[in-house]
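**Q** Counting along the sequence shown from 1, when you hit position 46 you're at 457 in this note's numbering, and nothing is skipped either side. Quick reminder that beta carbons are idealized off the backbone N, C-alpha and C, glycines included. Computed from a predicted model, the values in this text were never measured in an experiment.
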Amino acid sequence: MIGRLNHVAIAVPDLDAAVKQYRDTLGADVSDKIDLPDHGVTVVFVNLENTKIELLFPLGENSSIAKFLVKNPTGGMHHVCYEVADIYAARDKLVADGARILGDGEPRTGAHGKPVLFMHPKDFSGTLVEIEQV
Ligand code: CO
């Protein structure tokens, strides 16, 4: 059902420092900062040959990333995102197999303008899993 690894998202407490590290130390292709107020994040895309890393920094008052950073002050892996061809078919299969979908269970528009869903980390080995229809 799942296809490519679309991205790994990493919450960071200092976005400028993380950009500098990925761009200058690791030599990666790093995007500008992009504010996504609907998602409560400022994101920087690190474009790798085979996938992307998304550096997430809190934006606004109710950012889930701010809460994550309280628990993980040095930052940490926030979620992984797998591609699916049909998000409704994927959701129905996941729910039938006992996975819990976060929110109201309906896909919303993700950071790339495509439909996404998140699954409860307790159902996926402690990892927040996003699926994105591509
Ligand atoms: Co994501």
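1. Taking 8 Å as the cut-off, does the segment 487-494 touch the segment 439-447 (at least 3 CB pairs, one atom from each stretch)?
2. Since ILE421 and GLY451 should fall inside the 8 Å C-beta cutoff, what is the C-beta to C-beta distance between them, to a whole number of angstroms?
3. Whether or not the segment 460-478 and the segment 493-512 are in contact is what I'm after, with contact meaning three or more pairs of Cβ atoms, one per stretch, closer than 8 Å; do they touch?
4. Is THR453 helix, strand or coil when you go by DSSP?
5. Skipping 5 residues on each side, what residues in its chain have a beta carbon closer than 7 Å to that of ASP446?
6. For the ligand CO, any of its heavy atoms closer than 7 Å to the Cβ of GLU517?
7. Any chance you could list the beta strand (DSSP E) runs of at least 3 consecutive residues sitting entirely within the segment 509-533, in chain order?
8. Is HIS490 near the ligand CO - that is, is its Cβ less than 7 Å away from at least one heavy atom of it?
9. On the DSSP bridge assignment, give the partners of VAL540 in chain order.
10. Among the residues of its own chain, which have a CB less than 7 Å from the CB of PHE456, if the five just before and after it don't count?
11. Pull up the distance between the alpha-carbon of THR538 and that of ASN417, whole angstroms please.
**A** On the basis of the data shown:
1. no
2. In this structure ILE421 is not in contact with GLY451, their Cβ atoms being roughly 16 Å apart against a cut-off of 8 Å.
3. no
4. strand
5. THR453, LEU470
6. no
7. Qualifying beta strand (DSSP E) stretches, in chain order: 526-530.
8. yes
9. VAL491, MET530
10. SER442, LYS463, GLU465
11. 15 Å
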